[in-house]
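These notes concern the structure reproduced below.
Residue numbers (the working numbering): 29 to 287.
As structure tokens, this is what we get:
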């Protein structure tokens, strides 16, 4: 998965593997993936998305790319038969064409989607499909609390502008892809993930993703103080159930574009 830093931790990301994998299953179920003979997984992480791709397209020759050595170590142990490559998907360049290009929760870390998405469509075979899933949750309380915590402490200078993930609406992506594709299907789904551990469950979830760029800028003492401030914001926004779980709404944007 390509981010401003390649220091992804597979163990932390995989704590919630079942919840993180469900969206890619839903995405691939809309792609007729079984017909693919060549496929690439851009930002494969610890291999959960690649495993799902293999399940849907068992006859495809699959290449998987990520910029985290730790993630790829986990992925290679999981799927030794797959060709995993250490590379930045933001700089991915190939003359090859693919029947299926999968990008599960990775492209939101990259800039200039106006150029990126048409360039990915151009790497599809005729009838090939670009399948993308991106978190669409920057307006959710969990992200609002991150920004508030970043702006409310002695670390504000270090954290200014950290949250730079790209985000556009469904119509924006449709408009950019339709001139290059025969069909573009865009939809948005909100998952409601029950997390154990109450507010701490939300913290652990985002430690594996959106909190990483913030924490990477801080020393150990600052990071703990920042997380305490973040927890305060979460407590004001989320209800802990009687059994100790908290329901985390998580909107995601899906795109399947067929060339």
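In this text, a Cβ means the ideal position worked out from N, Cα and C, and glycines have one as well.
Task: residue 92 burial status per 10 Å Cβ neighbour count (16 or more: buried) - done: Flag for residue 92 reads buried.
Task: Classification of residue 220 by the beta-carbon crowding that lies within 10 angstroms, buried from 16 upward - done: It is exposed - the Cβ of residue 220 has fewer than 16 other Cβ atoms within 10 Å.
Task: Stretch pair the segment 107-124 + the segment 175-182: three plus CB contacts closer than 8 Å - done: Not touching, per the Cβ criterion.
Open item on the list: Which runs of the alpha helix (DSSP H) at least 4 residues long sit entirely within the segment 173-224? Give them in chain order.
Closed with: Whole alpha helix (DSSP H) segments, 4+ residues: 184-187, 198-205.
- [ ] State the start and end residues of the unbroken alpha helix (DSSP H) segment that holds residue 103.
- [x] For residue 103, the uninterrupted alpha helix (DSSP H) segment begins and ends at 97-106.
Open item on the list: Using a Cβ-based criterion (distance less than 6 Å to any ligand heavy atom), does residue 176 qualify as near the ligand ATP?
Closed with: The ligand ATP is not part of the structure shown, which contains no ligands of any sort.
Task: Beta-carbon proximity check, residue 70 vs residue 131, cutoff 7 Å - done: Yes.
Open item on the list: In whole angstroms, give me the CA-to-CA distance for residue 78 and residue 286.
Closed with: So the alpha carbons of these two residues sit roughly 20 Å apart.
TODO: Identify, in the order they occur along the chain, each residue of the same chain with its Cβ nearer than 8 Å to the Cβ of residue 230, setting aside the five sequence neighbours on each side.
DONE: For residue 230, where only same-chain residues beyond five positions count, the Cβ hits under 8 Å are 170, 223, 262, 266, 274, 276.
TODO: Throw me the rounded Cβ distance for the residue 129 and residue 158 pair, which I believe falls under 8 Å.
DONE: Between residue 158 and residue 129 the Cβ distance is about 5 Å, and since that is below 8 Å, they are a contact.
Task: Under the three-state DSSP convention, the category residue 65 falls into - done: Coil at residue 65, not helix or strand.
Open item on the list: Going by C-alpha to C-alpha distance, which of 239, 151, 145 sits closest to residue 190?
Closed with: Closest option to residue 190, Cα to Cα, is 239.
Task: Helix, strand or coil at residue 51 [DSSP, three-state] - done: Helix.
Open item on the list: Using the three-state DSSP reduction, which class does residue 228 fall into: helix, strand or coil?
Closed with: Three-state DSSP puts residue 228 in a helix.
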